[in-house]
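With full-length UniProt numbering, letter number 23 in the sequence shown gets 23, and the count goes up by one each step, no holes.
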Amino acid sequence: MLLSPGTLPSPAASRPRATSSPEASASRAIHTPARTGRHHHRSKGGKQVDRNMTLKIDPETMDIPIDEDGNMVLIYGDETTAQCVRLTLLTWKGGFPLDESHGTDYERIFGRRRSDLESDEVEEVLREAIFQETDVEQIDQLDAETDGRELNVAFSGTLYSGQTISMEVTQQ
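This is how it looks when you write it as structure tokens:
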């Protein structure tokens, strides 16, 4: 699924780092990784282990891939954040039963006539969804374009780690 229309005005939409309650974090733990400290802790051997990890979800099939040894594939760090942003853009707000506030408020977009939408309302809905991921520092580019009953979104953003992520998503 993809999302697109309109570019955000400059400057890039940056925001202060958000904090969330333990209850909100716990309810999102299945959909997004735990957010504690710097995402690293030391194991007994003194080696750093990345705590920002989750199961990989294939973006095309939405399946959990299995590696050659029969293990579910894990992803770490910025790759986890990118996947979480993608899944947030693909999830309708209220569609995730453990946290009904999680997801994208597509009802504001698809639930009304296009002529009733404010000029920047689609981008505002998408920005709110993207910034649910607390590791996203700023949105560098956000284009949303409607094509009949589809919304195609192209997104590029910078994480607090300095890494840039980008993706395209389509929602119907």
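C-beta atoms are modelled at their ideal positions from N, C-alpha and C, and glycine is treated no differently.
Note that this is a predicted model, so its numbers are computed, not measured.
Rounded distance between the beta-carbons of residue j and residue i, thought under 8 angstroms
| i | j | result |
| --- | --- | --- |
| aspartate 78 | serine 161 | 6 angstroms |
| aspartate 140 | leucine 159 | No, aspartate 140 and leucine 159 are not in contact; Cβ-Cβ is about 11 angstroms, not under 8 angstroms. |
Rounded C-alpha distance that separates residue i from residue j
| i | j | result |
| --- | --- | --- |
| histidine 102 | valine 125 | 12 angstroms |
| tyrosine 76 | arginine 108 | 33 angstroms |
| valine 153 | glutamate 145 | 7 angstroms |
| tryptophan 92 | glutamate 68 | 34 angstroms |
| threonine 164 | proline 97 | 30 angstroms |
| phenylalanine 131 | glycine 157 | 10 angstroms |
| cysteine 84 | serine 115 | 31 angstroms |
| serine 119 | methionine 167 | 23 angstroms |
| threonine 61 | glycine 148 | 24 angstroms |
| glutamate 121 | glycine 95 | 21 angstroms |
Proximity of residue i and residue j at Cβ, strictly below 8 angstroms
| i | j | result |
| --- | --- | --- |
| threonine 81 | glutamate 137 | no |
| leucine 87 | methionine 53 | no |
| threonine 170 | alanine 129 | no |
| leucine 55 | isoleucine 66 | no |
For residue i, the three-state DSSP class (helix, strand or coil)
| i | result |
| --- | --- |
| threonine 80 | helix |
| phenylalanine 155 | strand |
| threonine 54 | strand |
| glutamate 145 | strand |
| serine 101 | coil |
| glutamate 118 | coil |
| threonine 170 | strand |
| valine 85 | helix |
Counted within 10 angstroms of its Cβ, other Cβ atoms place residue i as buried (16 or more) or exposed
| i | result |
| --- | --- |
| leucine 142 | buried |
| aspartate 99 | buried |
| glutamine 172 | exposed |
| glutamate 123 | buried |
| leucine 8 | For leucine 8, the predicted model reports a pLDDT of 34, less than 50, meaning its position is unreliable and no value from the coordinates is stated. |
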